[in-house]
Amino acid sequence: MKPLIAGNWKMHGLLADRKEITALVEMVKQPGKPDCDIVLCLPFTLLFPAMKYLAETPISLGAQDCHWDEFGAHTGDISAAMISEAGCDYVIVGHSERRSGHGAHGERSQAISQKAKVALAHGMMPIICIGESLDEREAGKAESQVLDQLKKSLPKEVPADRISIAYEPIWAIGTGLTAGAAEIGEMHGVIRHALVETLGRQGEKVRILYGGSVKPGNAAEILGIDNVNGALVGGASLKAEDFYGIIKAAG
Ligand code: PGA
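First residue of the sequence shown: 97, per my numbering; consecutive thereafter.
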């Protein structure tokens, strides 16, 4: 399965940061680019300008969220049609920073499955995030939490090759901590098993990404673990050189 390396810029990036995007384009144009899919999930304000920089390049454009409704009275929200028009082929849904109540979003898995459904209907590929908190892991509930989120966040009748699952232990996001190789392998195996149970043989085609403090220095090890089919990268995607270091590790 071709790995997917997805950058998530979160709430970072102004027009001045386009130099990182154009630098990345130059890097991936060089001969010997690893055989992987690459997407940059940028803040909404950068989507239209980035569509121009990324046209005719091997880098796809993605957004970090969309609403589950087609349109409507949802002040401050954005629809799947809008981000698709702005050039997105991918969209992250259900990131833990949106599931948590801290950012006042408090998103539930049922809403996330609706978001994934509307993204698919607009021809985009959703990256559905799941992951446990430290408390849940310490209470021995990591697996049940992840499986519960997976079950409820997956839309019905999904085309397996058009969705990705990103397993991101919340305690590893932005902390510099990564789950150990054994923990990652175990959880990705559990997710794969659940996908096959739900989708049959098609479940083998779903890419399962790992996310949480992936850096150039640990990417090769993480990407080499069974059932790890890519990475969702936050902090290390902001600088072209770091992100390219991770892309190279996928080769
Ligand atoms: P991080 O973020 O790489 O900065 O830990 C990952 C994510 O939140 O997707």
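Idealized CB from N, CA, C, for every residue including glycine.
Other residues of its chain near asparagine 323: CB distance less than 6 Å, five sequence neighbours each side excluded: Your numbering for residue 323 matches position 227 in the sequence shown. So the list reads His284, Gly285, Arg288, Ile304, once near-sequence residues are dropped.
Per-residue burial, histidine 191 [other beta carbons within 10 Å of its own, 16 or more giving buried]: If you number the sequence shown from 1, residue 191 lands on position 95. Classification for histidine 191: buried.
Could you tell me if phenylalanine 240 is buried or exposed, where buried requires 16 or more neighbouring beta carbons within 10 angstroms of its beta carbon? Here residue 240 refers to the residue found at position 144 when the sequence shown is read from its first residue. Position check: residue 240 holds serine in this sequence, whereas phenylalanine was assumed. When all chains shown are included, serine 240 counts as exposed.
Return the residue from the list Glu253, Glu234, Asn104, Ala262 that minimises the CA-CA distance to leucine 246. Indexing the sequence shown from 1 puts residue 246 at position 150. Between leucine 246 and the set Glu253, Glu234, Asn104, Ala262, the nearest pair of CA atoms involves Ala262.
Could you tell me whether the stretch 165–173 touches the stretch 181–190, where touching means 3 or more Cβ pairs closer than 8 Å? Verdict: no, contact absent.
If you drop the 5 nearest sequence neighbours on each side, which residues of the same chain put their C-beta closer than 7 Å to that of proline 154? Residue numbering aside, residue 154 sits at position 58 when the sequence shown is read from its first letter. Non-local C-beta neighbours of proline 154 in its own chain, meaning closer than 7 Å and more than five positions away in sequence, comprise Val124, Lys129, Ile134, ordered along the chain.
Residue environment, glutamate 116, which counts as buried when at least 16 other CB atoms sit within 10 Å: As a working mapping, residue 116 is identified with position 20 in the sequence shown. By the neighbour-count definition (other C-beta atoms within 10 Å, threshold 16), glutamate 116 is a buried residue.
Looking at C-alpha atoms only, which residue of Trp267, Val254, Glu293 is the closest neighbour of valine 214? Walking along the sequence shown from the start, residue 214 turns up at place 118. Per the Cα distances, Val254.
Comparing alpha-carbon positions, which option in Met221, Arg114, Glu122, Leu136 lies nearest tryptophan 105? Here residue 105 refers to the residue found at position 9 of the sequence shown. Cα-wise, what sits closest to tryptophan 105 is Leu136.
To the nearest angstrom, how far is it from the Cα of isoleucine 343 to the Cα of alanine 102? The residue given as residue 343 occupies position 247 in the sequence shown. The residue given as residue 102 occupies position 6 in the sequence shown. Straight across, the Cα-Cα distance linking isoleucine 343 with alanine 102 is about 9 Å.
From the DSSP output, read off the bridge partner residues of tyrosine 306. Position 210 of the sequence shown, counted from the first residue, corresponds to residue 306. As computed with DSSP, tyrosine 306 is found in a beta bridge with Tyr263, Ala327.
Leaving out five residues on either side along the sequence, give the residues of the same chain with a beta carbon under 7 Å from the beta carbon of phenylalanine 140. For the purposes of this step, residue 140 is taken as residue 44 along the sequence shown, with counting starting at 1. Excluding residues within five positions, the ones whose Cβ falls inside 7 Å are Ala159, Ile174.
In chain order, what residues of the same chain have a beta carbon less than 8 Å from the beta carbon of glutamate 317, not counting five sequence neighbours either side? Translated into positions along the sequence shown, residue 317 becomes position 221. Excluding residues within five positions, the ones whose Cβ falls inside 8 Å are Ala277.
Which term fits methionine 220, buried or exposed, when burial requires 16 or more other beta carbons within 10 angstroms of its beta carbon? Here residue 220 refers to the residue found at position 124 when the sequence shown is read from its first residue. Classification for methionine 220: buried.
Under 8 Å by Cβ, that's how I've got serine 196 and serine 249 pegged, so tell me the actual separation to the nearest angstrom. Position 100 of the sequence shown holds residue 196. Position 153 of the sequence shown holds residue 249. Between serine 196 and serine 249 a beta carbon distance of about 15 Å is seen, past the 8 Å cut, so the two are scored as non-contacting.
With distances taken between CB atoms, is the gap from leucine 138 to alanine 151 smaller than 8 Å? Position 42 of the sequence shown holds residue 138. Position 55 of the sequence shown holds residue 151. Judged by their CB atoms, leucine 138 and alanine 151 are not nearer to each other than the 8 Å cut-off.
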